[in-house]
Each structure stands twice: as structure tokens, then as C-alpha cells.
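In full-length UniProt numbering, the protein residues as written are 1 to 735.
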């Protein structure tokens with residue numbers, strides 16, 4: 001369908017802006033009928049789901065599709081601009097050239113899909129809309145199905161509006177229903193000074209875009225896919241203990257790194273061994289709403305609670321446990337949860353009395369016993385799943401995995417009350433303290449004992465606490481320092497709060513349970529995850545001491561910016577075949593004119609019962625509709641050197657999803673619009689191994705006309721004026 005036909009069809013429809021649901025738009029069966037190649041599907045989309053606007057952008061028509069978010073109520077447009085290449089001021093595609101697709105024939109049309117920044121949602125598109133990078137979403141897709149994601153941004157990141165991930169989901173859904181072939185992107189996303197491709201590469205083994213299937217495409221400065229994979233694996237496997245050991249000569253940095261590692265190990269239920277595990281936990285923890293003194297790296301039912309390991313031996317009170325369950329997304333009230341817990345505890349006690357103090361009950365046995373008193377099996381399963389370690393009186397209930405049978409088991413046993421370990425964040429933060437860490441810690445622990453003994457009587461005034469501390473600690477300056485700093489220290493499932501009594505105006509100290517998630521969200525806990533991530537990024541990844549290996553690996557990851565996703569060609573139904581038809585020029589054309597790698601073919605969807613002669617007609621129409629160089633191309637043969645007879649049935653000649661060679665005549669070799677990379681192909685042979693233009697700054701040798709990276713030739717990459725008027729490469733200088 002020609003563009004003019006689409007415009008007429010859209011104009012004939014009643015103009016309205018009834019929005020589609022953003023969260024479900026382009027999901028599964030929400031859009032039907034897109035059973036052809038991209039060039040046909042995009043036309044159908046514009047006809048069925050878009051409205052033509054009454055203005056143009058640089059002379060190109062604009063369609064709008066309005067979307068509404070159920071989660072935020074936001075209403076915004078998805079614009080589609082059809083750019084005719086022959087009328088464009090920029091007919092060639094730099095994005096194709098830098099993605100390694102510069103040898104593609106120039107497509108006749110390219111489609112810009114964009115969602116403007118939210119302050120421009122009700123405004124017409126500006127004349128610079130195809131150039132600026134501030135759009136929430138901007139993608140460009142050529143009519144041959146190859147395209148580029150140019151920008152992706154969240155909306156008001158600090159508000160409750162939509163995130164970059166939400167719009168990335170939409171883009172991925174659109175590419176899927178349109179049946180795009182490949183989409184590339186240049187990942188230069190940053191948060192402050194942090195390059196996300198390095199941070200996510202070390203944490204997850206892939207870039208942020210890897211969540212949607214984008215993989216390595218091309219690297220700069222000679223970086224290859226194999227080098228990238230080795231670099232990511234090497235950096236991800238750096239052990240935290242090794243990092244601390246390697247930083248032993250720099251006391252200040254080592255202390256800060258140790259404090260960060262210790263903080264998040266304290267919060268994690270699973271061991272954090274490598275920097276990958278640490279970064280994963282920090283990034284996951286950042287988006288966890290409820291606070292728990294321990295968090296899992298992943299949500300699962302398997303939990304190992306080894307009573308010999310102090311970090312996993314700390315129980316919470318039964319009251320705290322019940323409150324935590326009730327404050328989650330649980331559908332049962334606290335009183336029912338408490339009843340189930342008591343029933344479970346009684347069965348464990350009874351089993352202990354009958355079998356012995358070290359007895360264990362499997363999850364299934366305990367569930368069967370509980371069902372005798374509780375009819376709601378869903379309630380029983382929820383409580384059993386939630387149990388980790390909790391205390392009731394002088395007894396502890398634990399859940400663990402039997403290392404032999406691999407079955408979940410529950411135990412109950414008496415415990416001797418011990419002092420719970422206390423975390424004082426200020427000990428890690430203040431490097432200018434005039435007392436030793438040991439002295440401050442001993443003073444803080446004594447003051448906590450006083451406060452704990454007073455806990456049943458409510459808050460304790462600063463003066464009373466100071467007076468009692470002076471009976472043992474003679475240094476009043478040390479006492480005052482601890483009282484000033486001890487706020488928000490954590491002991492088990494309790495936290496110390498320092499506040500001013502509104503009635504007496506006196507400073508008071510009190511213990512409180514860490515139960516209310518909303519309260520805890522407002523507690524800083526002397527922990528800023530963003531700052532910790534930046535510190536690890538800049539200190540460990542960018543400035544690792546005495547190791548060229550880390551520096552080289554980091555450089556390879558940072559030099560790998562181009563990523564690509566490929567959608568596999570699949571038959572849409574049993575009676576349709578998907579074929580890729582690729583033109584094989586004549587020997588003379590390959591020798592003299594078409595010297596670059598062959599351009600990808602066109603995709604056609606045809607029934608298997610047509611003849612080869614009929615396939616020639618379908619392919620000829622598709623090629624003429626797609627590429628400028630094939631405006632008058634005539635298909636004369638299906639097959640390579642030996643053609644296939646026109647009378648043969650397609651199903652008897654080629655298989656499904658096949659690549660079919662096409663031969664013919666009429667290529668427009670006089671057109672300037674031949675290759676997407678432009679008429680001139682740079683000769684690149686840099687000492688770093690690069691053999692093609694990778695988008696980095698280069699300089700041309702005036703003797704051999706070969707291009708080199710300025711950085712690789714010792715030229716300052718940040719100052720244009722330092723490039724000499726005459727530049728000779730090393731080979732030409734030594735000639």
C-alpha cells in the first residue's frame with residue numbers, strides 16, 4: 001500500500017484521540033493481522049491504529065497513536081513519521097555505518113517512532129524533533145526491517161510516573177509485532193558519572209539492554225565479542241576478599257570498601273563472595289520497599305540457616321515475625337497468622353518431647369499435623385514459607401534444608417541468651433575520630449547495655465544515660481561523642497533512635513522494633529546506596545591498584561557500546577512460508593561496482609503452493625518497494641548459478657525459512673543512493689585492530705590515506721587544535 005493510500009485511508013476515518021491502554025498495547029493478540037514483513041505491517045499499523053496529523057515535519061507525514069497508562073493516568077502520543085529517503089536532507093544512515101550495516105542498500109523509507117518528553121505531549125512536534133535526544137522514546141526503522149533505538153528515557157524519574165523500563169517494554173513489543181529483523185543501539189547511558197554498560201556488565205554479565213535480548217554487536221578500538229565476554233567474566237568474578245587484600249596499601253580506600261562490603265553482607269541472607277554478587281544485591285536492595293534486617297538476593301523458598309554461623313543465627317521475636325507477615329501482601333489478618341504460628345510451635349514442642357531435643361520435622365509432616373486444626377491450607381503454606389528464624393520465649397524455631405535429603409525441615413530448641421551483635425555505622429563513617437575504633441566500640445556497647453536495661457521503662461534522657469555511663473567511663477568527651485553518634489545503630493531487629501521530647505524538650509534515646517516498613521523507609525541508616533555504587537565504580541573498577549588486567553578489562557567493556565537484537569524469521573501459520581530473497585548481482589557488477597558485502601535480501605511471506613514463476617513476481621515487487629537501487633529491477637531467475645524452473649511448485653523447490661538467491665537486471669548503478677554508509681568507505685587500519693569506522697575520533701594519514709584513532713596515535717582526544725596539519729602514520733614516517 002502506497003503512502004498516499006494510507007493518508008487517504010486515515011483521512012477518511014473519523015478523527016479521534018481515543019487512547020489505547022499503554023500496559024497492554026501490542027501484547028499478544030491485542031493487535032491482530034500483522035502477518036507480513038515489516039514494510040507491510042507498519043503500513044497496516046498506521047491505517048488501523050494511528051491518525052494522520054494536520055501538519056508535517058520537514059515535509060514528511062506524521063501519524064499519532066494515543067496511549068493511556070492505567071497505573072499513572074498519563075495520556076501521551078506515540079508519533080510515527082514516514083521519511084522518504086529520496087526527499088531527505090540526510091539520505092544516508094550513520095547509525096547503519098557504525099553498526100556494521102553500511103553495506104546495506106539505501107531503503108526507500110524509514111519510520112521514526114517517538115514519544116516526546118512529557119512537557120511536549122500536548123504540543124506539535126518541532127522542526128528539530130528528528131535530531132534531539134531528549135525524547136522519552138525514539139526509534140528509527142528502515143523499510144527493510146533493520147533499525148536503531150536512538151533514545152530511551154524515563155518520565156520524571158523522581159515521580160511515580162513511567163520509567164525507562166516501561167517504555168523499553170513498549171518498544172520491544174512494537175518491534176515484535178512489526179516483525180523487525182534487527183535493531184541496534186549505542187549504549188552511552190549514564191547515571192551521573194557511572195556508565196551503566198560497565199556497572200550492569202559486571203553485575204549481571206550483560207548491559208542494561210540485555211534484559212530485552214540485546215547482545216554485543218561491535219566494539220570500538222578493536223574490541224571484539226570474544227574480548228568483551230572474557231572481560232565481563234573476569235571483572236564479575238573478582239572476589240571481595242581479594243579486592244580488600246589488593247587495596248591493603250591504601251588504608252583510607254580499603255577502610256571505605258570494607259565498610260561497604262560489610263554493610264551489605266550484613267543485610268544479605270546469602271553469602272556475597274564476588275563483586276558481581278555484591279553489585280547485584282545493592283541494585284536489587286535499592287528497589288526493595290519493605291526493610292528486613294536480612295534480605296535475599298533472589299526471591300526463593302530455599303533457605304539455609306546454619307546455627308554455627310552467627311549471621312544466620314539471629315532470631316526475631318514471634319511478635320515481629322507475625323507483624324512482618326501481616327504487613328506484607330498477605331490476605332490473612334494478624335490474629336489468624338499468630339494462631340497458625342502457635343499451632344506449629346506446639347507441634348514442634350510435642351515432637352521434641354517424644355523424639356528428643358535434636359528432632360526435626362519435615363515440612364510435609366508439619367503441614368499434615370497443622371491441617372488437623374486449620375482447614376485453610378493456603379494459610380498454612382504461607383506461614384511455613386515465611387518462617388526463617390524466630391524466637392518464642394527461650395526457644396528458637398528454625399527452617400532449614402537437610403543437606404542429605406534436600407527436604408525442608410523445622411526445629412525448635414532452647415537457646416542461651418547472648419548479647420546480640422550491634423552494628424554502629426558511625427564507626428565506619430568517621431575517619432577523623434581521636435579515639436581508637438576499639439575504644440569507641442567498647443564505650444558504645446556499654447552505653448547500649450544501659451539503654452537496653454532501661455528499655456522496659458521507655459525512653460531514657462540523654463542526661464540520665466550520660467550520668468550512668470560516667471560510673472564506668474571516665475572520659476566524658478568519649479561519652480558525648482558516642483551519644484552524639486549512636487543514633488540509628490542496629491541491634492538484631494531493633495534500632496536505636498535519638499530524638500527530642502516535644503514536652504520536656506530534652507534529648508532522649510529509645511529502642512524500637514524494625515517492623516513498620518513505612519517508618520524504616522525514612523531512616524537513612526547511614527547508608528546511601530547510590531554513593532556506595534559510585535564509590536565502588538570509581539575506586540574498584542576504574543582505579544584498581546597494581547593490576548593492568550582489571551584496567552584492560554574495564555577498557556574493553558567501556559569500548560563496547562554497540563548492541564543488537566535479532567528477531568528470528570518464523571512462519572506465521574502452517575500454510576505460509578517465510579523466505580529471505582537476496583539479490584546476487586552479475587560477476588561484472590560484483591567486480592567493478594558492488595564491491596562491498598552483499599546487502600541483506602527482502603522478506604516475503606507466501607503460500608507453499610505457488611510456483612517459482614509467481615514467486616519471481618512477489619520478490620520483484622518487494623525489492624522495488626524496498627531499495628532505491630532496485631527501482632526498476634527485473635527478476636529473471638530464482639536460484640543461484642543454476643535457476644529453478646518457473647513451473648515448479650515452491651514447496652517442492654525450497655524449504656521453510658529458506659534464503660533464496662535471486663538474479664536479474666536493472667540495478668540503478670548510477671544512483672547516488674546506493675549504500676546506507678554513504679558513497680565513500682573509509683580505509684581504516686588502526687594499530688588497535690580496528691578495520692572499520694567505529695564512531696570514535698580519527699585522523700587520516702596524508703600519505704597512505706589510511707585512518708587511525710587519534711587516541712591510538714598519541715593525539716589528545718579532547719583538543720581539536722592538537723591535530724597536526726600534516727599527519728603521517730608510523731609506517732609512512734619510517735618509509
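In this text, a Cβ means the ideal position worked out from N, Cα and C, and glycines have one as well.
Bear in mind that the values here come from a model prediction, so they are computed numbers and not experimental data.
Of the listed residues the options, nearest to residue i (C-alpha basis)
i: residue 108; options: 93, 166, 684; result: 93
i: residue 117; options: 539, 105, 153, 110; result: 153
i: residue 396; options: 441, 404, 414, 647; result: 414
i: residue 629; options: 104, 24, 70; result: 104
i: residue 391; options: 345, 133, 703; result: 345
i: residue 621; options: 556, 603, 611; result: 603
i: residue 448; options: 686, 469, 51; result: 469
i: residue 71; options: 40, 21, 58; result: 21
i: residue 445; options: 169, 464, 472; result: 472
i: residue 609; options: 632, 648, 601; result: 648
i: residue 667; options: 644, 676, 631, 646; result: 631
i: residue 36; options: 180, 131, 62; result: 180
i: residue 149; options: 185, 221, 205; result: 185
i: residue 563; options: 84, 23, 347, 99; result: 99
i: residue 28; options: 138, 127, 174; result: 174
i: residue 540; options: 487, 62, 198; result: 198
i: residue 318; options: 659, 387, 725, 560; result: 387
Burial state of residue i, where buried means 16 or more other Cβ atoms lie within 10 Å
i: residue 734; result: exposed
i: residue 652; result: exposed
i: residue 689; result: exposed
i: residue 201; result: buried
i: residue 208; result: buried
i: residue 731; result: exposed
i: residue 443; result: buried
i: residue 101; result: buried
i: residue 351; result: buried
i: residue 499; result: exposed
i: residue 97; result: buried
i: residue 189; result: buried
i: residue 501; result: exposed
i: residue 355; result: exposed
i: residue 144; result: buried
i: residue 56; result: exposed
i: residue 41; result: buried
i: residue 82; result: buried
i: residue 538; result: exposed
i: residue 607; result: exposed
i: residue 619; result: buried
i: residue 353; result: exposed
i: residue 590; result: exposed
i: residue 38; result: buried
i: residue 182; result: buried
8 Å contact criterion, which residue i and residue j should meet: CB distance rounded
i: residue 194; j: residue 558; result: Contact flag wrong, Cβ pair sits at about 11 Å.
i: residue 67; j: residue 34; result: That pair is no contact at about 18 Å.
i: residue 709; j: residue 697; result: 7 Å
i: residue 275; j: residue 257; result: Actually they do not touch by this definition, with Cβ atoms about 10 Å apart.
i: residue 582; j: residue 601; result: 3 Å
i: residue 64; j: residue 79; result: 6 Å
Own chain residues within Cβ distance below 8 Å of residue i, not counting five before or after
i: residue 367; result: 377, 380, 381, 384
i: residue 322; result: 334, 337, 338, 341
i: residue 716; result: 710, 722
i: residue 248; result: 254
Proximity test, residue i beta-carbon vs the ligand COA heavy atom, cut-off 8 Å
i: residue 54; result: Ligands displayed in this structure: none; no statement on the ligand COA is therefore possible.
Cut-off 7 Å between Cβ atoms - residues of its own chain near residue i, not counting five sequence neighbours on either side
i: residue 741; result: Absent from the structure is residue 741, since the part of the chain shown begins at 1 and ends at 735.
i: residue 59; result: 87
i: residue 402; result: 409
i: residue 644; result: 612, 638, 653
C-beta neighbour in chain B for residue i, strict 9 Å
i: residue 212; result: No chain B appears in this structure, which consists of one protein chain only.
Residues of its chain near residue i, where Cβ-Cβ distance is below 6 Å and the 5 sequence neighbours each way are ignored
i: residue 360; result: 409, 411
i: residue 594; result: 585
i: residue 31; result: 177
i: residue 138; result: 114, 150, 151
i: residue 682; result: 693, 707
Next item on the list: Quick one: which unbroken alpha helix (DSSP H) runs of 4-plus residues sit fully inside the stretch 313 to 349? Chain order, please.
Entry: Runs of the alpha helix (DSSP H) inside the stretch 313 to 349: 318 to 326.
Notebook entry, point to check: Which ranges does the beta strand (DSSP E) cover as unbroken runs of at least 3 residues, wholly within the stretch 83 to 139, from first to last along the chain?
Noted result: Whole beta strand (DSSP E) segments, 3+ residues: 109 to 115.
Next item on the list: Taking only runs that begin and end inside the stretch 586 to 624, name each unbroken alpha helix (DSSP H) of 4 or more residues, in chain order.
Entry: Within the stretch 586 to 624, the complete alpha helix (DSSP H) runs of at least 4 residues are 587 to 592.
Checklist line | Entirely enclosed alpha helix (DSSP H) segments - the UniProt domain "PHD-type" (683 to 735), minimum 4 residues | finding: Here the runs fully enclosed are 730 to 733.
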